[in-house]
Amino acid sequence: MNLLKKIRVKLYYLRLDLFRKNLLKKLINYSSTSLGSKYKSEINFLKEHGLTVFPYSFIKNYSKSEIKINKIDNLMCVEYFGKNLFFPKNFSHNQIIDYAYGLFLEQDELSPHSYNSPIFRIDNDDILLDIGCAEANYSLSMIEQVKKVYLFEPNEIWIQPLQHTFSNWKNKVEIFNQRYGDRNELNHPDLSREFLNQNILIKIDVDGNEREVLELIEPLFSIAKSVKIAICTYHQNNDADDFDNFFKTNGFQTRFGRGYMLFYYDRQIQKPYLRPGVLFAYRNMNV
Numbered sequence: 359m360n361l362l363k364k365i366r367v368k369l370y371y372l373r374l375d376l377f378r379k380n381l382l383k384k385l386i387n388y389s390s391t392s393l394g395s396k397y398k399s400e401i402n403f404l405k406e407h408g409l410t411v412f413p414y415s416f417i418k419n420y421s422k423s424e425i426k427i428n429k430i431d432n433l434m435c436v437e438y439f440g441k442n443l444f445f446p447k448n449f450s451h452n453q454i455i456d457y458a459y460g461l462f463l464e465q466d467e468l469s470p471h472s473y474n475s476p477i478f479r480i481d482n483d484d485i486l487l488d489i490g491c492a493e494a495n496y497s498l499s500m501i502e503q504v505k506k507v508y509l510f511e512p513n514e515i516w517i518q519p520l521q522h523t524f525s526n527w528k529n530k531v532e533i534f535n536q537r538y539g540d541r542n543e544l545n546h547p548d549l550s551r552e553f554l555n556q557n558i559l560i561k562i563d564v565d566g567n568e569r570e571v572l573e574l575i576e577p578l579f580s581i582a583k584s585v586k587i588a589i590c591t592y593h594q595n596n597d598a599d600d601f602d603n604f605f606k607t608n609g610f611q612t613r614f615g616r617g618y619m620l621f622y623y624d625r626q627i628q629k630p631y632l633r634p635g636v637l638f639a640y641r642n643m644n645v
């Protein structure tokens, strides 16, 4: 690493540290306002423990030292609720530990990022679309409960791990190395026939591109028998309100999951700083 690059890296981390310190100060000040008092318990947790995405005590139940890595068919994997979850070959041991640790935090039953809906059940005739699946931990957890799974992941490094993760369920899983709705792809699937009069379950986590996905899935609403959706709402400041309004306008009933997340990776973060993690929406269902 040359001197100029070292200086740039040093400055980057100095600015990052300053940003996070200032954010914590803003949170503490905000908690004393009438609007901020709603988040007082979360902000008190942050004040005591420092910035963390999940400002709740359940995170203390997890330890990276308890995560064990196995190697099968020359690929690293971890046990995820009784099943093997595989990772790309270029992931280091520490990267896998950090990644898996994050997954366990995200999907704790008390986590704001949990995809387990409090307002609809998963049925064995549901067809699952996992849009932005990456390692597809959610689909793996649902694989024995649903009828069919479609995985959409544009990052090629995940395709081989996905094939290994779902090797025991090849008959019910299809993997697409592309963004959902990308018609520039030669193998773009036309799933409209598959979803006609079917019960579909859609999980959306695309790192801030959720608005684009909502436009692409909207035509499915009119052909499906029922639609259940879990969509991340924490990547940008207005996601929660915008997505809630979108689904209500389309005749869905909605409810946010429990609690709030502090997505401090967003340098544009604004009041109230803490955001709902997942919005659940459903329409035309017997619940």
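Numbering (this note's numbering) for the sequence shown: 359 to 645. Note that the Cβ used here is the ideal one computed from N, Cα and C, for glycine as well.
Item	Value
Closest by C-alpha distance to Lys441, when choosing among Glu576, Leu520, Arg641, Glu568	Leu520
Whole-number beta carbon distance between Val585 and Tyr473, since they are thought to touch under 8 Å	At roughly 15 Å, the Cβ-Cβ gap does not stay under 8 Å, so Tyr473 and Val585 are not in contact.
Which of helix, strand or coil DSSP assigns to Ser469	coil
Selected residue, minimal CA-CA separation from Gln518, among Leu372, Gln611, Met434, Phe377	Met434
Exposure label - Gln556; buried when at least 16 CB within 10 Å	buried
Cβ-based neighbour list, Glu400, same chain, cut-off 8 Å, excluding 5 preceding and 5 following	Pro413, Tyr414, Gly617, Tyr618, Leu620, Leu632
Asp597 - containing alpha helix (DSSP H), residue span	597-607
Phe553 beta carbon less than 9 Å from that of Ser582	Note on identity: in this sequence residue 582 is Ala, with Ser being the wrong assignment. Yes; because the gap between Cβ atoms is below 9 Å, this pair is in contact.
Residue burial classification, Phe416 (beta-carbon count within 10 angstroms, cutoff 16)	exposed
Enclosing beta strand (DSSP E) for Phe445 [first to last residue]	First-last for Phe445: undefined, no H or E at that position.
Unbroken beta strand (DSSP E) run spanning Asn557, endpoints	557-562
Opposing strand residues paired with Leu637 [DSSP bridges]	Ile589, Phe614
Whole-angstrom distance between Ile533 and Asp488, CA atom to CA atom	10 Å
Simplified DSSP state of Val436, which is helix, strand or coil	strand
8 Å CB neighbourhood of Glu493 in its chain, flanking five on each side removed	Leu443, Phe444, Phe445, Tyr457, Leu461, Trp516, Pro519, Leu520, Thr523
Cβ-based neighbour list, Ser475, same chain, cut-off 6 Å, excluding 5 preceding and 5 following	Phe638
Those residues which DSSP pairs with Ile430 across a bridge	Leu433
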